[in-house]
Structure formats: structure tokens, C-alpha cells
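2 protein chains.
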Amino acid sequence: MIKTIVFDAYGTLYNVYSIEKKCEIVFPNLGKRISVLWREKQIEYSFLRQLTGNYVPFYTVTKEALRYACKACDVSLDEEKESILLKEYLSLDVYPEVEKVLEQVNNKQLVIFSNGSRDMLEPLVKNSVLAEHIHQVISVDDHKQYKPSAASYYQVLKKLNLTREEVLFVSSNSWDIIGAKTFGFKTLWVNRKDAPTEEMEVRPDYIANDIKKISEIVN
Amino acid sequence: MIKTIVFDAYGTLYNVYSIEKKCEIVFPNLGKRISVLWREKQIEYSFLRQLTGNYVPFYTVTKEALRYACKACDVSLDEEKESILLKEYLSLDVYPEVEKVLEQVNNKQLVIFSNGSRDMLEPLVKNSVLAEHIHQVISVDDHKQYKPSAASYYQVLKKLNLTREEVLFVSSNSWDIIGAKTFGFKTLWVNRKDAPTEEMEVRPDYIANDIKKISEIVN
Chain F
176 MIKTIVFDAY GTLYNVYSIE KKCEIVFPNL GKRISVLWRE KQIEYSFLRQ LTGNYVPFYT
236 VTKEALRYAC KACDVSLDEE KESILLKEYL SLDVYPEVEK VLEQVNNKQL VIFSNGSRDM
296 LEPLVKNSVL AEHIHQVISV DDHKQYKPSA ASYYQVLKKL NLTREEVLFV SSNSWDIIGA
356 KTFGFKTLWV NRKDAPTEEM EVRPDYIAND IKKISEIVN
Chain A
176 MIKTIVFDAY GTLYNVYSIE KKCEIVFPNL GKRISVLWRE KQIEYSFLRQ LTGNYVPFYT
236 VTKEALRYAC KACDVSLDEE KESILLKEYL SLDVYPEVEK VLEQVNNKQL VIFSNGSRDM
296 LEPLVKNSVL AEHIHQVISV DDHKQYKPSA ASYYQVLKKL NLTREEVLFV SSNSWDIIGA
356 KTFGFKTLWV NRKDAPTEEM EVRPDYIAND IKKISEIVN
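Heads up: the sequence lines are chains F and A, in that order.
In my numbering, each number is its position in the first sequence, counted from 1, plus 175.
In my numbering, each number is its position in the second sequence, counted from 1, plus 175.
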């Protein structure tokens, strides 16, 4: 019996690629390339820091990933540009179907659980239409263990006083679904980009192209 | 004082992109794309399995990554094709400068330490000109902890009875260098593709485009 729906933030509720527009203004003709590289490197750096036991908050990871993306594209990132682009992470677009779905399932506890640090997550949620729908925001920064480690997901159970079976975990990131499912959550993989399913024995319980599927699962 | 040079295998001594030729024969016009995706996914899956505590040998990781790459390229991989392509991992090309450098530094103990399982590593070394130069092959499979975790590098010290300071660690994979340096090895990053340096505070001790630099460091 699902009591709580736990959402990943970046890529699941909020579109990280909405930063492409600002990247394009700051670096003409490179908006798409920089925004994609930035996101890839951000994920890789969070993996590497978890794997090597060298945690820094996601804001730092995000900044370092942006610096790498700019170097890889041979463009110079001064302090002003860096600050403009990092600020974009505080006002990402919400995916179009999200608000309505959250209204439909508001008989459940609705939680965001993200790798983002609180200085990123709290303004993001507050600045968005989701502020009134989300009951709680949990950051991995409270325990400094990144997703997809088991140690990170365990904090969700501990903070919310839940069992694994009471959680539906929703993410567009297949690595997050692999971590959450291995940990024991029921999972919905939001396959927004129509990507192939991962070739690992750990499979999501549900797959859909957006989060509308949730009301079917929990109602 | 360096006693032992520890080499990563894939990408450092052996060219994993030499599989492109066979991929191109099996899947015309897709050789490059499949070989690049295959390698990226192989690394990602090893990270994910380490992060989620769900170890399987690298042979399985490699097979699953190939299956994903083929799905992503919309081509069908039957058993015969899979077997042909996986077999390529047992006879990868050695980078051109490698043999001569190993001869020059053979006053040091020369060791391979790889994520590869022994069923992959042993035929690979044996089938290559490096067989007579490498004194020992260590596989993470003996302890089932993938690089770049500290637990993996620690096995090198234990098996060889060395201190961190006695090791020069050589890898073309920047994530492997980050792990090895965080663990405390002296490191040479073999930047074969002229990639930007990673934007993390952990930096390699030496950087060069091939392994010739080693004789300068240890002699």
C-alpha cells in the first residue's frame, strides 16, 4: 500500500534542459552542446565523488561540471557568465503535466528526494508552481551520500518513518531507478526521452513517458 | 621511491576502440557509434554496480553494455554476433609505444590492475606482445570491488605488500586517476585523446599523451 510518492527533481519534475536557452544566449551556437555536456558531467562527477568517498555539495558538483563543459567547448567562462548560468538551476521549467498529476494524487504524501543541495532545491521549489503541492523536500546533503547509493535511499525511510513497501519512487534517470529498485522501492521510470531500457537484471516496476501514469498506480 | 608500476589495461595499454573494425564488419556504417556507446555504457554499468552494491564480473557488464549499445542503434544482436564481438575483447591492439617503454622500465615490478575479470584479462595479455613484460595481473574480480572505489585500490597494496608511496599508477581513464590519486597513489594520466583535465580538486601528478613519460618519472 503506497503511502508516499517520492520524486526525483532534476529531469523528472523539472526540465534541466531548459537551461539550454540561457546557455545559447551566453554562448551562441553552443547552447545545446554545453547544456548536454554540463548535465552528463554533473551526473558523472556525483558518481565519482560517491565512488571515491569525496563528497562535496551538488552546487559545487554543478559548478565544476559547467566549467568542464565550457573547457570542452573551448569557450571562456568568466565569473559573471558562471553566475548567470548557475542561477538558471534555481528556476528550471516544470514539465507540463506535473502540476495536474500532483493535484490528482494529493491524498498521498508527496516528497522530493534529490541529489541537489538545499541552496539549489529550496529556491527551485519555492519559485515554481509545485511549492504548494510538495509536502517535504529531502536533500542527500543532509547525510552526504549521493544517489544511487543504498545509504542515500535509506535516509528517505528514516526521515519519513516508512517501510520500503509504502514508497513509490519516481525518476526519469534510469541510474536512479536502478538504485531505488535495488534498494527495494517500487519504481516508476519516467522515460521522457524514449531511451532503451537498461540491460541490467534490475528493472523498473512501471515505465511511462511522463508522470501521468502515477494516478493509475496509486488510485 | 617507486618500486612498482601499476597499469590499467583497457584504454591504457590496450586500445578498446580497436573493436570498431569488427563492429563495422558485423554492423556496417555503425562500427564507430556502437564501439563508442559500448565503451561508455560498460563504464557506466561498472559504476552503477559498484554504487548500488550489485557486483557481477566485468564480462557480464561488457555483454550487457554491448546489448544496450545495439538496442540504442536499433540493430539486432543474435548469439553469433554477440559472441564474435565479445571475443574481440580478448585480442585488443596494444598501443604502439607500449612494448618499448615496458622494456625500458623493466627494473621495476610491472603489474596490470584492471576491472576486467580473469576470463577476459588472461587471454588478452597472453595473446599479446606484453605477456613477457608484465610480471603480475590483478583483477578486481578477486575482491569484487570495482575501480574507482578505495576498496579496489587497497587490494593492490595488500597483494603486492607495498605502501602507497611505492606505486606509480598509470591510466588513460580520468575517473581511474581520480580514484587512484584520492586513494594515495602517485599517478600518471595518459591523456590519449587530448581531453580537458577534469574540474575536480584531485589532480594527476603527471599528464602525458602516451606512456613514454614513465621512463622519465622512474629512472
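Idealized CB from N, CA, C, for every residue including glycine.
Predicted model, so just to flag it, every value in this text is computed and none were measured.
_One question on the structure: do residue 344/A and residue 211/A come within less than 8 Å of each other, judged by their Cβ atoms?_
On the second sequence, residue 344/A is found 169 positions in, with the first residue counted as 1. On the second sequence, residue 211/A is found 36 positions in, with the first residue counted as 1. It is not a contact, given that the beta carbons lie outside the stated cut-off.
*To the nearest angstrom, how far is it from the Cα of residue 224/F to the Cα of residue 266/A?*
Looking up residue 224/F in the first sequence gives position 49. Looking up residue 266/A in the second sequence gives position 91. About 33 Å.
*Would residue 367/F pass as a contact of residue 385/F if the rule is Cβ separation under 8 Å?*
Along the first sequence, read from residue 1 onward, the residue named residue 367/F stands at position 192. Along the first sequence, read from residue 1 onward, the residue named residue 385/F stands at position 210. Note that the C-beta distance between residue 367/F and residue 385/F is below 8 Å.
*residue 286/A: first and last residue of the uninterrupted alpha helix (DSSP H) it sits in*: Here residue 286/A corresponds to residue number 111 of the second sequence, with the count starting at 1. Not the alpha helix (DSSP H): residue 286/A falls in the beta strand (DSSP E), residues 284-289.
*Rounded to whole angstroms, what's the CA-CA distance from residue 288/F to residue 195/A? Just pull it up for me.*
Along the first sequence, one-based indexing puts residue 288/F at 113. Along the second sequence, one-based indexing puts residue 195/A at 20. Going by the C-alpha atoms only, they are around 40 Å apart.
*Would you mind working out which of 281/A, 201/A and 220/A sits nearest residue 353/F, comparing C-alpha positions?*
Position 178 of the first sequence holds residue 353/F. It is 220/A whose Cα lies nearest to the Cα of residue 353/F.
*asked:* Counting only Cβ pairs nearer than 7 Å, list the residues of chain A close to residue 379/F.
replied: Residue mapping note: residue 379/F aligns to position 204 of the first sequence, counting from 1. Think of a sphere of 7 Å around the beta carbon of residue 379/F: no beta carbon from chain A falls inside it, the nearest being about 14 Å out.
*asked:* Please return the same chain residues whose Cβ sits closer than 8 Å to the Cβ of residue 176/A, not counting the five positions on each side in sequence.
replied: Locating residue 176/A in the second sequence gives position 1, where the first residue counts as 1. Leaving aside the five residues that flank residue 176/A on each side, the residues in its chain whose CB is nearer than 8 Å to its CB run, in chain order, 340 and 341.
_Per DSSP, cross-strand counterpart(s) of residue 180/F_ = By one-based count along the first sequence, residue 180/F stands at place 5. Answer is 285/F and 343/F.
*Alpha carbon to alpha carbon, how far is residue 244/F from residue 307/A? Give it in angstroms, no decimals.*
Within the second sequence, the letter at position 132 stands for residue 307/A. Within the first sequence, the letter at position 69 stands for residue 244/F. For residue 307/A and residue 244/F, the distance between alpha carbons rounds to 41 Å.
*Can you tell me whether DSSP reads residue 309/A as helix, strand or coil?*
Residue numbering aside, residue 309/A sits at position 134 when the second sequence is read from its first letter. Looking at residue 309/A - three-state DSSP - the assignment turns out to be coil, as it is neither helix nor strand.
*Report the residue ranges of all alpha helix (DSSP H) runs contained in full by the stretch 324-386 of chain F; include only those spanning at least 4 residues, in chain order.*
Listed in chain order, the alpha helix (DSSP H) runs fully inside the stretch 324-386 of chain F are 325-335 and 349-358, counting runs of at least 4 residues.
*Do you know whose CA, among 240/F, 364/F and 209/F, lies nearest residue 186/F's CA?*
As a first step, residue 186/F is located in the first sequence; it is residue number 11 there, counting from the start. If we check each option's Cα against that of residue 186/F, 364/F comes out closest.
*Identify the continuous alpha helix (DSSP H) that holds residue 393/F and give its terminal residues.*
The residue given as residue 393/F occupies position 218 in the first sequence. DSSP places residue 393/F in the uninterrupted alpha helix (DSSP H) bounded by 388-393.
*Kindly indicate if chain A contains any beta-carbon less than 8 Å away from that of residue 195/F.*
Working through the first sequence from its first residue, we reach residue 195/F at position 20. No Cβ of chain A is located within less than 8 Å of the beta carbon of residue 195/F.
*With distances taken between CB atoms, is the gap from residue 305/F to residue 269/F smaller than 8 Å?*
The count along the first sequence starts at 1 and reaches residue 305/F at position 130. The count along the first sequence starts at 1 and reaches residue 269/F at position 94. Yes, the pair counts as a contact, with Cβ atoms nearer than the cut-off.
*For chain A, find out if any of its Cβ atoms is closer than 8 Å to the Cβ of residue 301/F; answer yes or no.*
Position 126 of the first sequence, counted from the first residue, corresponds to residue 301/F. By this cut-off, residue 301/F is not an interface position.
*Is the CB of residue 359/A under 8 Å away from at least one CB in chain F?*
Counted from its first residue, the second sequence places residue 359/A at position 184. Chain F has no Cβ within less than 8 Å of the Cβ of residue 359/A.
_Judging by CA-CA distance, which residue of 252/F, 203/F, 369/F and 233/F is the nearest neighbour of residue 184/F?_
Position 9 of the first sequence, counted from the first residue, corresponds to residue 184/F. Of the candidates 252/F, 203/F, 369/F and 233/F, the residue whose Cα lies closest to the Cα of residue 184/F is 233/F.
*Please indicate yes or no: does the CB of residue 375/A lie closer than 7 Å to some heavy atom of the ligand HEM?*
This structure simply doesn't include the ligand HEM, nor any ligand for that matter.
*CB contact check: residue 354/A to chain F, cutoff 8 Å*: Position 179 of the second sequence holds residue 354/A. Among the CB atoms of chain F, one or more fall inside 8 Å of the CB of residue 354/A.
_Using 8 Å for Cβ pairs, my map puts residue 213/A next to residue 241/A. What's the rounded Cβ distance?_
Within the second sequence, residue 213/A is the residue found at index 38, counting from 1. Within the second sequence, residue 241/A is the residue found at index 66, counting from 1. Going by Cβ atoms, the distance from residue 213/A to residue 241/A rounds to 5 Å, so yes, they are a contact pair.
*asked:* Our contact map puts residue 310/F next to residue 285/F with C-beta atoms below 8 Å; I'd like the distance itself, whole angstroms only.
replied: To locate residue 310/F, count along the first sequence from 1; it is residue 135. To locate residue 285/F, count along the first sequence from 1; it is residue 110. Confirmed, about 5 Å.
*Between which two residues does the alpha helix (DSSP H) containing residue 198/A stretch?*
By one-based count along the second sequence, residue 198/A stands at place 23. 194-201 is the extent of the alpha helix (DSSP H) around residue 198/A.
*May I ask you to report which of helix, strand or coil DSSP gives residue 314/F?*
Numbered from 1 along the first sequence, position 139 holds the residue referred to as residue 314/F. In this structure, DSSP gives residue 314/F an extended state, which the three-state scheme calls strand.
*Alpha carbon to alpha carbon, how far is residue 349/A from residue 391/A? Give it in angstroms, no decimals.*
Within the second sequence, the letter at position 216 stands for residue 391/A. Within the second sequence, the letter at position 174 stands for residue 349/A. Taking the straight line from one Cα to the other gives about 21 Å.
*Looking at residue 178/A and residue 276/A, is the spacing between their C-beta atoms short of 8 Å?*
Residue numbering aside, residue 276/A sits at position 101 when the second sequence is read from its first letter. Residue numbering aside, residue 178/A sits at position 3 when the second sequence is read from its first letter. Cβ atoms of residue 276/A and residue 178/A: not closer than 8 Å.
*CA-to-CA distance, residue 299/A to residue 218/A, given in whole angstroms*: Reading the second sequence from its first residue, position 43 is the one you call residue 218/A. Reading the second sequence from its first residue, position 124 is the one you call residue 299/A. Approximately 19 Å between the Cα atoms of the pair.
*asked:* With a threshold of 8 Å between beta-carbons, can residue 227/F be considered close to chain A, or not?
replied: As a working mapping, residue 227/F is identified with position 52 in the first sequence. So yes, residue 227/F belongs to the interface.
*asked:* Cβ closer than 9 Å: which chain A residues qualify as neighbours of residue 347/F?
replied: Reading the first sequence from its first residue, position 172 is the one you call residue 347/F. Annotation: residue 347/F has no Cβ neighbours in chain A at a cutoff of 9 Å; minimum Cβ distance is about 16 Å.
*Which residues, in chain order, does the stretch 314-331 of chain A contribute to contact with chain F at a C-beta distance below 7 Å?*
Only 323, 324 and 325 from the stretch 314-331 of chain A bring a Cβ to less than 7 Å from some Cβ of chain F.
*Near-chain F residues of the stretch 278-310 of chain A (beta-carbon distance less than 9 Å), N- to C-terminal order*: Taking a C-beta cut-off of 9 Å against chain F, none of the residues of the stretch 278-310 of chain A qualify.
_Bridge-paired residues (DSSP) for residue 190/A_ = Position 15 of the second sequence holds residue 190/A. The partner list for residue 190/A (beta bridge, DSSP) reads 268/A.
*Does the distance from the CB of residue 313/A to the CB of residue 334/A come in under 8 Å?*
Walking along the second sequence from the start, residue 313/A turns up at place 138. Walking along the second sequence from the start, residue 334/A turns up at place 159. Residue 313/A places its beta carbon less than 8 Å from that of residue 334/A.
_Cβ-based burial, residue 122/A [other Cβ within 10 Å; buried from 16]_ = Limits of chain A in this structure are 176 at one end and 394 at the other, which puts residue 122/A out of reach.
*In this structure, does DSSP put residue 243/F in helix, strand or coil?*
Working through the first sequence from its first residue, we reach residue 243/F at position 68. The answer is helix: DSSP assigns residue 243/F an H, G or I state.
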